[in-house]
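Residue 371 in my numbering sits at position 366 of the sequence shown, with consecutive numbering throughout. Even for Gly, the Cβ is constructed at its ideal location relative to N, Cα and C. Structure first, then comments.
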Amino acid sequence: MDYLPARFSRLRLAICSIFLLLFIGQCQSQFRPPQVQILDSDTVGSGFKFIRQDLNQIENQTYLEPLFEKLFHQRTQGGKKISIVHVGDSHILGNFLTQEVRERMQREFGDAGRGLLFPYKLAQSNGAKDFIVETNIKWNGTNCQRDLASETNFGAAGFKLSTNQANAELTFRLRDTATAESHLFTKVTVFQRKSPLEYDLEVRDETSNQIAQLFIEDNYSRSYYFDRPVGSVTIAAKKTAPEQKTLTLDGVSVENELSGIIYHSIGVNGAKFMDFARAKYFARQIADLEPDLVILSFGTNESQGTTEIAYMRKTMDLLINQILEASPSARILLTTPADSYLRGRGLNPHMAEMSKVISEYGKEKGYAVWDLFHFSGGENSSTLWKSNGLLTSDSVHYTKYGYALQGKLLYQSLIKGYNGFVDGKR
């Protein structure tokens with residue numbers, strides 16, 4: 006009898022193991038019940054009587070049926086990657102709200118990766134805490150809310166970093182600073198606008214000694230792939246032509262090769278609808294994220310002063326039209342903000358009107374609407390949010406628990422809509 010060399014036997018065993026794992030995963034997805042059970046841990050409990058969880062549902066759910074159909078296919082058969090892009094102000098920037106939705110959606114439909122990242126501290130901003138950033142230089146950073154021009158040169162993250170140093174390096178490590186849990190990925194998309202003045206890039210992982218291969222590029226981004234999964238990535242400037250003298254980054258997205266949910270979180274302190282509408286490259290770059298659903302969560306900053314209704318509607322029109330022109334198959338979900346104080350000093354008389362404008366606009370245009378303001382207490386309910394420990398001392402932003410509560414409520418509304426869709430299929 007002939008025997009294969011040991012290295013071939015190990016290789017054959019490894020290949021068989023991979024196929025076995027894929028087969029088991031596929032079988033598991035096929036035998037999962039199509040409906041999703043909302044667990045006790047997904048609810049906010051009965052201690053907050055002013056929050057009407059029974060009224061927590063998305064309006065115009067039929068508009069989201071293409072999204073629900075894709076979720077149904079992924080849950081019952083697998084093989085689908087669903088991209089959700091959640092855009093907003095400081096309530097979204099911290100990732101407390103969106104992390105609750107992301108983790109739960111990935112638990113039920115599969116984890117396709119972390120999504121969009123940005124080194125917020127290097128741009129003098131707070132941000133998400135589930136990844137670590139390291140660099141060897143000082144960067145220039147700013148965001149779309151600070152630039153008051155009628156049109157601004159910002160892209161996917163609403164932030165940008167720039168440097169003239171040819172030795173610039175930026176490393177992202179996907180490790181939650183609270184739990185030390187690491188996540189692996191194979192695909193890296195770098196949002197960098199193409200220009201003869203821009204340095205080329207080298208994308209590598211020093212831990213596994215891999216250099217990622219450029220797979221696809223356009224005028225707004227470049228996508229790279231690693232042969233083996235990695236937990237960190239270094240993006241390094243590489244001067245290949247004498248005219249190259251700058252490196253500008255609009256964001257980085259990481260994902261894996263698995264099917265499931267990839268939930269991108271994009272936020273800027275103080276942002277309004279108009280700030281992202283003025284960002285010249287925003288809609289075009291998020292189109293490279295291939296969104297199935299774009300969630301727009303604004304209104305708090307528009308409510309910190311008097312905003313004309315006609316102007317508010319105009320800014321929503323501008324931003325949504327830009328998004329849909331670049332991503333015509335995406336669905337839009339507008340959300341209203343929970344109540345908060347006026348500049349932290351007293352009850353805000355504008356919150357009810359701004360929330361009504363967002364809700365009515367969404368209904369008129371046929372988009373989906375999640376009216377958090379209405380079912381979480383409505384006008385002047387900020388006193389209840391604060392007395393229950395859900396608002397911070399500035400009375401505009403929420404505590405970590407307050408954001409977690411909102412994330413659970415948003416997740417519930419998406420699952421209620423999805424389960425209703427599944428019932429209709431039966």
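Relative to the Cα of Asn141, the nearest Cα in the group Thr147, Gly349, Thr168, Thr320 belongs to Thr168. Straight across, the Cα-Cα distance linking Glu369 with His379 is about 18 Å. Restricted to the stretch 153 to 208, the beta strand (DSSP E) segments that are unbroken, complete and at least 3 residues in length are 164 to 168, 174 to 178, 190 to 196, listed in chain order.
For a cut-off of 8 Å, the C-beta gap from Phe303 to Ala276 is around 7 Å, short enough to register as a contact. A Cβ-Cβ separation of about 22 Å leaves Val401 out of contact with Tyr316 under the 8 Å criterion. In this structure, the beta-carbon distance from Val208 to Thr253 does not fall below 9 Å. If you draw a straight line from the Cα of Leu415 to the Cα of Thr340, it is about 9 Å long. Sequence-distant Cβ neighbours of Ala173 in its own chain, meaning closer than 6 Å and more than five residues away, are Ile142, Ala242, Leu252.
In the three-state reduction of the DSSP assignment, Leu396 falls in the strand class, which pools E and B. In this structure, Phe196 and Tyr225 form a Cβ contact; the two beta carbons are roughly 7 Å apart against a cut-off of 8 Å. With fewer than 16 neighbouring CB atoms inside 10 Å of its own CB, Leu202 falls in the exposed class. Here Lys243 carries a strand assignment [DSSP, helix/strand/coil]. Within a 10 Å sphere around the beta-carbon of Thr320 sit 16 or more other beta-carbons, which makes this residue buried. The Cβ atoms of Ile267 and Ile87 lie closer than 9 Å to each other. Looking at the DSSP output, Thr140 bridges to Leu175.
Rounded to the nearest whole angstrom, the C-alpha separation of Asn158 and Gly146 is 12 Å. Cβ contact annotation for Leu395 (same chain, cutoff 7 Å, sequence separation greater than five): Tyr403, Thr404, Tyr406, Gly407, Leu410, in chain order. Note on geometry: alpha-carbon atoms of Gly120 and Tyr68 lie some 25 Å from one another. In the structure shown, Ser46 adopts helical secondary structure according to DSSP, grouped into three states.
Here Gly351 is exposed. Its C-beta has fewer than 16 other C-beta atoms within 10 Å. Residue environment: Glu105 is assigned as buried (16 or more neighbouring CB atoms within 10 Å of its CB, all protein chains considered).
Within the same chain, Cβ atoms closer than 6 Å to the Cβ of Pro124 are found at Val138, the five residues on either side in sequence being excluded. Assignment of Phe287 by DSSP, reduced to helix, strand and coil, places it in the helix class. Residues Gly304, Leu339, Thr341 of the same chain have their beta carbon placed closer than 6 Å to that of Ile363, with the five preceding and five following residues left out of the count. Boundaries of the beta strand (DSSP E) around Glu222: 218 to 222. Judged by DSSP in its simplified three-state form, Lys277 adopts coil rather than helix or strand. With fewer than 16 other CB atoms across the displayed protein chains lying within 10 angstroms of its CB, Ala154 is exposed. Rounded to whole angstroms, the separation of the alpha carbons of Phe426 and Asn65 is 12 Å. Taking the Cα positions, Gln327 is about 20 Å away from Leu72.
Under DSSP, His355 takes part in no beta bridge, so it has no partner.
In this structure, the CA atom of Thr81 is about 6 Å from the CA atom of Arg37.
The beta carbons of Gly93 and Leu301 sit closer together than 9 Å. Each residue's CA atom was taken as its position, placing Ser334 and Gly163 some 22 Å apart. A Cβ-Cβ contact shorter than 9 Å links Gln79 with Gly115.
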